[in-house]
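Residue numbers (my numbering): 4 to 126. Backbone N, C-alpha and C fix where the C-beta goes; we use that ideal spot for every residue, glycine too. The structure presented is a predicted model; accordingly, all values stated were derived computationally and were not measured. Worksheet: one structure, shown below.
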């Protein structure tokens with residue numbers, strides 16, 4: 004799944020594009036930009052292609068919309084970002100550390116996306 008969301012800062016919006024693997028709920032590609040141009044989506048897709056070896060389709064945004072709602076609830080709504088750089092650092096930490104490695108999902112058997120993928124690949 005693919006989608007774009009907006010993160011407010013004092014410098015204006017920071018745009019965040021993401022690609023999610025529907026099987027593991029892992030964020031396999033993401034990109035941020037100060038401007039909303041096609042490159043933000045292509046950068047996220049390029050990252051996704053490098054991270055996964057099997058084909059995927061961005062046809063249903065329900066999971067991505069849910070992801071953005073979760074990001075905003077857990078991170079954005081509780082903070083005020085003064086700069087794009089500040090927002091970028093916080094979003095990077097939320098995606099790569101919290102969401103991918105620590106945050107558990109009931110639909111994945113109450114493990115993180117990273118743990119789910121590791122277990123499924125081994126077993």
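Minimum Cβ-Cβ distance from residue i to chain D less than 8 Å
| i | result |
| --- | --- |
| residue 68 | Any reference to chain D falls outside this structure, which holds one protein chain only. |
Helix, strand or coil at residue i according to DSSP, with G and I counted as helix
| i | result |
| --- | --- |
| residue 15 | strand |
| residue 87 | helix |
| residue 107 | coil |
| residue 9 | strand |
| residue 57 | Per-residue confidence for residue 57 stands at a pLDDT of 47, beneath the threshold of 50, marking its modelled position as unreliable; the derived number appears in the next sentence. Of the three classes helix, strand and coil, the one that applies to residue 57 here is coil, per DSSP. |
| residue 20 | strand |
| residue 26 | coil |
| residue 102 | helix |
Terminal residues of the alpha helix (DSSP H) in which residue i lies
| i | result |
| --- | --- |
| residue 69 | 65 to 74 |
| residue 48 | 41 to 54 |
| residue 118 | 116 to 125 |
Terminal residues of the beta strand (DSSP E) in which residue i lies
| i | result |
| --- | --- |
| residue 31 | 30 to 36 |
Residue i and residue j closer than 8 Å at C-beta
| i | j | result |
| --- | --- | --- |
| residue 37 | residue 87 | yes |
| residue 35 | residue 106 | no |
| residue 72 | residue 44 | no |
task = Please confirm if the segment 98 to 105 is in contact with the segment 44 to 53, defined as three or more CB-CB distances below 8 Å between the two stretches.
result = The answer is no - the segment 44 to 53 does not touch the segment 98 to 105, with fewer than three Cβ pairs under 8 Å.
query = If we count Cβ pairs, one from each stretch, closer than 8 Å, do we get three or more for the segment 26 to 33 versus the segment 8 to 17?
reply = Short answer: they don't touch.
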